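See below for the structure under consideration.
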Amino acid sequence: MGYSMAWRKRTPMNFTRPLFCIGASYLLLAAIPSRAADVVVVDFVRDIQPIFAKNCYSCHGPQKQKGGLRLDVKSFALAGGKEAAILPGKGADSPLIKNVTGADPETVMPPKGERLTAAQIDILRAWIDQGATWPESANGDLSKNWWSLAPVVQPAVPSANAGTALIRNPIDAFIQAKLAEKGLAPSPEAKRSTLIRRLKLDLIGLPPSPEEVRAFVDDPDAAAYEKLVETYLQSPHYGERWARHWLDVARFAESDGFEEDMQRPHAWTYRDYVIRSFNEDKPYNQFVREQIAGDAIAPVTAQSIAATGFLVAGSWDALARVTPSALGRLQSREEQLEEMVGAVCQTFIGLTVQCARCHNHKFDPSPQTDYYRIKAVFEGVDHGLKPKKQGSRMLLDEAGEKLWIQQTAPYRGRISELEKQDAELAKRLADAAKDASRVQELKAEQAVLHISLTNVRAAMATNFPVTMAFVGDREMPKPTVLFTRGDITQPAQHVTPGGLAAIASPAADFGLDENAPEGLRRQRFAEWLVNPAHPLVARVAVNRIWQYHFGTGLVETPSDFGVNGTRPSHPELLDWLAAEFVRRGWSIKAMHRLMVNSAAYRQASVPAVAVAAFPPQNEKAASIDADNRLLWRFPSRRIEGEIVRDMMLSVSGSLNLQMGGPSFAPYTVTQLNTYFYHLFDKDEPIYNRRSIYRIHVMTARSPFLDALDCPSPAIITPKRRPTTTPIQALALMNDSFAIRQAETLARNLAAAIPEAEGQVKRAFEIVLCRAPTATELTASVKLAGEHGMKEVCWALLNSSEFLYSR
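Just remember that this note's numbering sits 714 ahead of the position in the sequence shown, which is counted from 1.
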């Protein structure tokens, strides 16, 4: 067996450790350093207990103690099992460390599933080396006193120390206090040309024009930046940018997925509802209410009806619902409801409650009854109650619907009459199947009838138009039953609608019985969510906003605030923001103002190696906080695929800014039992709209956007994870869309500017929001002379500087 020796240096531990490579697996050798040095003090509750809970409790917790070892209670853990597992002050000698490093392949821990990461092993060893401090208050089940379930109490803003960097608002006080603990300082403010590009991409999703950049750079007003923030927040394109983030979380799709993948022609109304809500700065608590129960809370409006498209935005297997097997249909329905419960809970409270469908949650304080109580809330919601029919309804409030029914009565009567005639003709055709001449006569009669039917429907639609929305169907459900171990053949007790019992306030008991009206169930659940005392909803929301501005949330796992998730990097700041969010009327734009106006957001993003003016400071910061979790600089981020496409259209001058309405569909469709989508690429205005208006069909995704890591609409994507692959480079270089934008930009430059040097300068200003350096100018003019201006534009659109926000 071949093997190789590799060495790895970890920060902040600052020691080397040999790795033994066998195939694709790495086993740590027994040469573990005697002591972990140069490490900050490890906190058991913050750093160690989550590692034990996630990786060890299933075998060494309250339910099971393999080898006699229990790691959830201090006295048991230090006593060990067959031998002492933790030797305080002696990390290298502790059996726990030897087992998790794999020093002995026979006793590697955990024996199944994911191994501990090198960082987790480092912190465990450091904790033991520092004496294995374990507060008595941290004994027992971690989930029962988990940080995210505690009430939100707004902490005091840290006082600024003399000589600290500029503090523009309370965010900076919290950030700089953390930096000061490590002896670090923030980076200087970025230059204005960088700030305007960063800000417009974050708030609008489009690059600034050269004229915008020049005006901002030359503006002598000290409040020029703050004015720019307000300008972008008031833009109608702000809603398009931030709706895209929300649609990732809402798993928004415009087709069913699965085998058939039938289109949902009316689903776009939910997308437009989200865009409009962001533009109006709809209070987040109202935004939540409407998506859960907008059709059940007075006053019911067209917008509140469209909002409930959230509940059925995910994929569903329509064919499984019409299987001949009654058990198969029930199983399909249970999976449909699990998807719905999972989407609701991950989106609004950041907990994976769906994991408790078959048993008590392995990590979080969610017993199986909690899952079924929440399932009871949504038991009456369905994608489509009739086989293979979509749950669409008119976007009309109660009064509007009554008026529409009254006005269209003559048309609907005529349509009903024609449909009856059509059914009779179909029956006569079946009876006359052997009489060819009679069949031809009946088919001709049927063709005339179909024309009449089409004309009447068209006349009604023209004279009394109404928008339809895909929001699912509603029915009064039967009492919800808990299934033992999730097995539909083992029904147990009935369960009433409710929330999570682990949350002390607001109360999880909604005071409803098992026969409570369908709409009332969702109404009570919505009220439970947006109660100001709820510990999760505001925390989860502000963390998402923070993530989209700074690249990583204060909690790195934005849809998992449970034990399996990560702890906040700045817990006091998170709670301050959550409390401030509620205090400011749940205004999302108020949170934007706080974040983007902060000195933390306005920092330079240049890494240590590229900064000559202050390398010692950045070098130290990089060694202590390589992941930039303390925000000693602004994080450089790759721009999402949809925004890259929009930017290309914008800089080429091809972008169609038409807002709202049905999505554009760059494909043709063939239906042969299932739907087959045949993609095409056309340079027409309708196909040059912003990417958010491209139809989101599961099996008709854009190869160009897929290459740039755009997620499948079938899954919840709380955080995009960019990759770097050859396919991306090939797509950017060779895709017909990218090449066409380079050609269009070059053509526009040639029409406006006669000489190559002027064209190159303008191209840099348009694409990169800056002038070229002398070297870039010389090389680009030479390239344009030898191969044409198109090649210069193509190179700029493929540059990292274009594809990253800094």
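Every residue gets a Cβ at the ideal spot worked out from N, C-alpha and C, and that includes glycine.
Note that the structure is a prediction, hence the values are computed from the model and not measured.
According to the Cβ coordinates, are residue i and residue j closer than 8 Å?
i	j	result
V1254	F1062	yes
R1281	R760	yes
L1491	V1474	yes
H1073	Q1082	yes
R1520	R912	yes
L942	I910	yes
V1383	F1390	yes
G805	R839	yes
P1200	R1071	Position check: residue 1200 holds Gly in this sequence, whereas Pro was assumed. Against a cut-off of 8 Å, the Cβ pair of R1071 and G1200 comes out as a contact.
I1353	L915	yes
P872	A887	yes
G1064	F1275	yes
R978	P1427	no
V755	I837	no
A1456	K1396	no
P869	D1423	no
Using the C-alpha atoms, what's the distance from residue j back to residue i?
i	j	result
T821	N813	6 Å
L742	L1234	With a pLDDT of only 37 at L742, under 50, the local geometry of the prediction cannot be trusted, and the value read off the model is given with reservation. Going by the C-alpha atoms only, they are around 57 Å apart.
R689	L1369	The requested residue 689 does not occur in the structure, where the chain is confined to residues 715 to 1520.
L1143	S1039	33 Å
G1127	L1163	15 Å
A904	Y1518	15 Å
P1191	R1047	12 Å
N1512	T1437	16 Å
V1296	V867	11 Å
L1510	A1443	13 Å
L1287	I885	7 Å
Y1401	S1151	48 Å
T1198	P1425	35 Å
A1161	Q1385	22 Å
K1334	K896	10 Å
F1184	A1020	8 Å
A957	D970	21 Å
K859	H1075	In the sequence as displayed, the identity of residue 859 is Asn instead of Lys. Going from the Cα of N859 to the Cα of H1075 covers about 15 Å.
L1196	D1227	15 Å
Identify which residue in the options has its Cα closest to the Cα of residue i.
i	options	result
L1463	W1242, A1477, I1217	A1477
I1406	G919, M1190, A1252, W1242	G919
A1240	R1171, K1504, V1058, R906	V1058
E1398	V1383, A1379, H1392, A1007	A1379
T1529	E1469, K1334, S1426, K1303	Coverage of the chain is limited to positions 715 through 1520, which leaves residue 1529 absent and any answer about it impossible.
A937	N1311, M1373, I1409	N1311
E1232	V1002, T1210, V1481, Q977	T1210
P921	H1208, A894, Q890, R955	R955
L1497	A1460, A1485, S873	A1460
E974	A1027, L1033, T1168	L1033
H1263	A1027, R1316, D1289, S1337	R1316
A1175	W1118, K1141, D1136	W1118
K768	F1077, A1414, K796	F1077
Ends of the alpha helix (DSSP H) at residue i?
i	result
V1365	1355-1366
P1285	1285-1297
V1184	The sequence given here places Phe at residue 1184; Val does not occur at that position. Where F1184 is concerned, there is no enclosing alpha helix (DSSP H), although the beta strand (DSSP E) it sits in stretches over 1182-1184.
E1052	1040-1062
H1263	1251-1264
Y1315	Careful: Y1315 lies outside any alpha helix (DSSP H) and carries neither H nor E.
T1489	1488-1501
N1448	1440-1448
I1119	1112-1121
C773	771-774
E1004	998-1007
How is the beta strand (DSSP E) around residue i delimited, first residue to last?
i	result
Y1086	Looking at the DSSP string, Y1086 is not in any beta strand (DSSP E); the run it does join, the alpha helix (DSSP H), is 1082-1092.
L1196	1194-1197
V1383	1381-1386
V1209	1205-1209
S1106	1106-1108
Would you grab the beta carbon distance between residue i and residue j for me? Rounded to a whole angstrom, and I think it's under 8 Å.
i	j	result
P809	G845	Contact doesn't hold; Cβ gap of about 17 Å is too wide.
L880	A1313	5 Å
G1265	N1257	G1265 to N1257, Cβ: 13 Å. No contact.
D1187	L1099	4 Å
D1111	P1013	7 Å
Does any C-beta atom of chain B lie closer than 8 Å to the C-beta of residue i?
i	result
K796	Of the chains in the structure shown, none is chain B; there is only one protein chain.
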